[in-house]
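Okay, so here's the structure we're looking at.
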Amino acid sequence: MMIPLIAAAMFSITTETLDDVQAAYRAVETYQADVVYEIELHNGRWTTTNTTTLTIAFDRKDQRLYVGQPIFQTVVDHGVMKAWAAQMPDRYIERPLPGPITFESLAHERPAVDQPDPPGLVFLLSERPAADLLDEEDPTDIAANDAGDLVITGPPGVWTLTLDDRQLITAATFRADPASVNLPAGASLTERFTYDRLAINQPIDPSRFVLSIPTDAVAVSTLDELISGQAAQQQQADPAKQLVGKPAPAIDLLDPTGQPLVPQAQVIVLDFWATWCPPCVGWLPELAKVYDWAQRNNLSAAFVAVSTDQNQQAARDFWKQKGYSFDLAFPADMSQVTAAMPRLGLPTTLVIHNGTVAHVHVGFAPGMGRQLQKEIEALLKPPATP
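Numbered per the numbering used here, the sequence shown finishes at 715, counting up by one with no gaps.
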């Protein structure tokens, strides 16, 4: 009988801790923080990280909020929300909020962004912070680790929250369930939040509640208007619309030693990727299988994986560790890539036939390797005899 009683007591203690954290955030009148956000992808012997800083300013009494970084920003002031994201730079949402600032109203009204919200912001605004941290899934377990951190577990993964004496979050780590983000076998994804210059119940400069966006950006009132504008831009900028049937973009390539690389074949497959991009990492083994198939069949096809990593050594180490047989290359001038594909999504795979772009694939989906094989076969098939 003792084990269930102890387990129940532990769950009660940690549930009370969660309640204490919620109560601490509800008592906050003003909140300011710079949050260092780091995402780390580990796969086998290599690890890549990307780091950025997010800023939060919140005034509960005056109902003012700023949260963002250079690629996305949200401001609420005098009951009006403005939200802007860099992937839609010429438009931003401006509309009244129906009531007090809540996590739910922000989640439904502002553009989607790639980075998650810092846990401190979730606790400031949410009625169900544990569920909102877990993408609206109820936690399956709430516990305390040996260091006294609060550990919240649910279907997407595990949150570990480090608290100060005020029961406010000073650091947080999220370890994703690999299945929830479709990681390759053996890979892991970790996100870390470190709070810097945390100020509670201190005056906030009104200038912090102002968007810093392009001066020609146009305000729209609904997500539909924003999305329709994005869709129009994407249709105009879709690599398949832009490049198919046109000469291959002029992009000078360098091999891992820094020497020029000029692939020679009737069909050239250029795959633009990065080590920090999970879909890219997932696509490369499939692309390697297509390369091996082309080699076995003596096809005139060259394959080049063009790394867009700023840290080129990370790409070299990754390539060596994986042992892929086809070529690794780097753009000699990244501006050539952005000029040819201003809205480059990763991975992007160009299939070039005799100097002309025949097919473009953006992203990675099951069956893409077989589709690429069919395209190469069709391009290299001798023309029918009249």
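Positions of the beta carbon are idealized from the N, C-alpha and C atoms, including for glycine.
query                                                                                                                                                                            : result
Three or more C-beta pairs closer than 8 Å, one from the stretch 359-368 and one from the stretch 449-456: is that the case here?                                                : yes
Determine the direct distance from the alpha carbon of residue 406 to that of residue 544, and round the result to whole angstroms.                                              : 19 Å
If we ignore side chains and look at the alpha-carbon of each, how far apart do residue 507 and residue 612 end up?                                                              : 16 Å
Rounded to whole angstroms, what is the Cα-Cα separation between residue 372 and residue 710?                                                                                    : 38 Å
Drop a sphere of 10 angstroms on the beta-carbon of residue 668, count the other beta-carbons inside from all chains shown, and report buried for 16 or more, exposed for fewer. : exposed
Tell me the DSSP secondary structure of residue 350 in three-state form.                                                                                                         : helix
Contact criterion: CB-CB distance below 8 Å. Does residue 423 meet it with respect to chain B?                                                                                   : Checking the listed chains, one finds no chain B in this structure; it contains a single protein chain.
What is the DSSP secondary structure of residue 629, counted as helix, strand or coil?                                                                                           : coil
Determine, using beta carbons only, whether residue 700 and residue 579 come nearer to each other than 8 Å.                                                                      : no
Nearest to residue 529 by CA position, among 497, 521, 505, 520, is which residue?                                                                                               : 497
Hey, would you say residue 402 sits closer than 8 Å to residue 533, going by beta carbons?                                                                                       : no
Assess contact between the stretch 633-642 and the stretch 584-603, defined as three or more Cβ pairs (one per stretch) separated by less than 8 Å. Is contact present?          : yes
Among 423, 591, 607, whose alpha-carbon lies nearest the alpha-carbon of residue 550?                                                                                            : 423
Under 8 Å by Cβ, that's how I've got residue 492 and residue 350 pegged, so tell me the actual separation to the nearest angstrom.                                               : 7 Å
Among the candidates 476, 607, 445, whose CA atom is the shortest distance from the CA of residue 692?                                                                           : 607
Give the DSSP bridge partners of residue 449, in chain order.                                                                                                                    : In DSSP, residue 449 forms no bridge with anything.
Confirm, please, whether the CB-CB distance from residue 655 to residue 634 is below 8 Å.                                                                                        : yes
Report the option in 357, 592, 681 whose CA atom is closest to the CA atom of residue 575.                                                                                       : 681
Could you work out which residue in 589, 397, 573, 387 is closest to residue 360 when comparing CA atoms only?                                                                   : 387
Alpha carbon to alpha carbon, how far is residue 627 from residue 651?                                                                                                           : 24 Å
Can you name the residues that DSSP bridges to residue 404?                                                                                                                      : 395, 411
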